[in-house]
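Chains as they are written, first to last, in our numbering: chain A, 357 to 521; chain B, -13 to 181.
Virtual Cβ for every residue (Gly too), placed ideally from N, Cα, C.
Bear in mind the structure is a predicted one, so any value in this text is a computation, not a measurement.
These notes concern the structure reproduced below.
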Amino acid sequence: MAASSASKLFRAGRSLLGGLKDPNGSIGMSKDLPRSYLFSQQQRTFIQMRTNLKVVDNSGAKRVMCIQALKGKRGARLGDMIVASVKEAQPGGKVKKGQVVYGVVVRAAMQRGRSDGSEIKFDDNAVVLVNKQGEPIGTRVFGPVPHELRKKKHVKILSLAEHIA
Amino acid sequence: MWSAVRCRTLSSAVQQWRQRQPGPTLLNRAFCSSSVVTEDQSPDNNNGKSRSSREFLNLEEVQKVLSDVKADDVQVIPVPKNYDFADYMVIATGRSDWHVRNIAQALIYKVKQKQKGAKRMLLPSVEGQEGGKWIVIDSGSLVIHALDEKVRAYYNLEKLWSSGTSDDEQTQDLDKAFIKVRRKNNSKKRPQASA
């Protein structure tokens, strides 16, 4: 069941480079870590305008591009709602290409801290299409979804999910 | 200090509670004190699952309220054990938008009645109040869905939660099922031109 979902999720403890946020400026400071380690760690950031996201429900759309993150100055994170434009859709679906839809981010490459100190991050950016009231347009959600949706009042999406991380 | 000791012993349970607590975030000590208060206040409700009785409503109370409100087709689905999400899901149908909203309000009223006199009232979170098609009341281990008839047929929650994830694989492979695969024709023979 979990093998069917293509995205892997990582749970990291408190990140090593907790204080150093930008890898470009910190190369001079950390002499004990090898340079390759810093280069291999990619700094993931928020979901903002022009971000492509995968659609993981059966509403008919395949890919959307974010137009606006409704909350947050720097962008949307896991569990936030975004406005997106459908870039690629299945022929017989409920949404068409070029339509402007709302979506809830269910998987994000940027890590999100949990209340017990651990962090969760996924392999890809994925979204579930909803209407303005927050009701999902599709009827099933594929792949793992995190617990954070519960706190953000998206229990409907959790109840349609096939695997809860 | 006694509440702090109590907090440490209940740390795992409180953490689970906190993960499930959909309301506003409270401090750690506030959580411990609230859990101690509700335990003392309802000693007679410890039948069956102790966790669900300590939280907002019992399964029997929910069913009684739903039958009072005349909700149609009440179904209780026990969630399989590997899901950490909830223990029971209750699905009820309302005859109209107003009826669905009434079901949600009746349940919240019952919760308020039960917690009358407590210093701090913890209410379950309600989603979907504006459009009355699908209202979810999330009280930790018990999740109650109040739906319209058409919405219930559209989302089909029972099929998802009773039979597990086998149905999802089917819907995903449906697009592949309709693709016709032609056999590779590697023969050098010319096709027959005459009709």
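Per DSSP, the continuous beta strand (DSSP E) segment holding A/K443 begins and ends at 437 to 445. For B/V60, the enclosing beta strand (DSSP E) has its first and last residue at 58 to 64.
A Cβ-Cβ separation of about 14 Å leaves B/V86 out of contact with B/V76 under the 8 Å criterion. Beta bridge pairing from DSSP links B/L128 with B/Y74, B/S125. Spanning the alpha carbons of B/A57 and A/A517 requires a straight line of approximately 26 Å. Within the DSSP bridge table, the entry for B/T79 names B/D58, B/L133 as partners.
With distances taken between CA atoms, A/D436 lies nearest to A/R463 out of A/R463, A/D472, A/Q398.
Residue environment analysis places A/A417 among the buried positions, since at least 16 neighbouring C-beta atoms fall within 10 angstroms of its C-beta. CA-to-CA, the gap between A/H519 and A/I513 works out to about 11 Å. Taking C-beta separations shorter than 7 Å and ignoring five residues to either side along the sequence, the partners of A/R470 in its chain run I476, following chain order. Among the residues facing chain B, A/V511 is included, as its CB has a counterpart in that chain under 8 Å away. Exclusion of the five residues before and after A/R406 leaves M421, C422 as the residues of its chain whose Cβ lies within less than 8 Å of its Cβ.
Inter-segment contact for the segment 116 to 136 of chain B and the segment 85 to 99 of chain B is present: three or more beta-carbon pairs are separated by less than 8 Å.
Residue pairing of A/Y458 in beta bridges, as defined by DSSP: A/V439, A/V486.
Sixteen is the threshold: when 16 or more other Cβ atoms of the shown chains lie within 10 Å of the Cβ of B/T79, as they do, the residue is buried.
At least one CB atom of chain B sits nearer than 8 Å to the CB of A/L516. In the three-state DSSP reduction, A/V511 falls in the helix class (H, G or I). The alpha-carbon separation between B/P110 and B/S125 amounts to approximately 5 Å. Per DSSP, the continuous alpha helix (DSSP H) segment holding B/K145 begins and ends at 143 to 148. In the structure shown, A/E475 adopts extended strand secondary structure according to DSSP, grouped into three states. Note: A/I520 is bridge-paired with A/V501 in the DSSP secondary-structure output. With 16 or more other CB atoms across the displayed protein chains lying within 10 angstroms of its CB, A/L434 is buried.
In the DSSP assignment, A/K429 falls outside any beta strand (DSSP E), carrying neither H nor E. Following the DSSP letters along the chain, one finds A/N408 inside the beta strand (DSSP E) bounded by residues 408 to 411. For a cut-off of 8 Å, the C-beta gap from A/V451 to A/S474 is around 35 Å, too long to register as a contact. Look at B/S111 here: in three-state DSSP terms it is strand. Exclusion of the five residues before and after B/S173 leaves no residue of its chain whose Cβ lies closer than 8 Å to its Cβ. Taking each of B/R138, B/L128, B/R168, B/V112 in turn and checking the Cα distance to B/V65, the smallest one comes out for B/L128. Contact with chain B is found for A/R506, since one of that chain's Cβ atoms lies less than 8 Å from the residue's Cβ.
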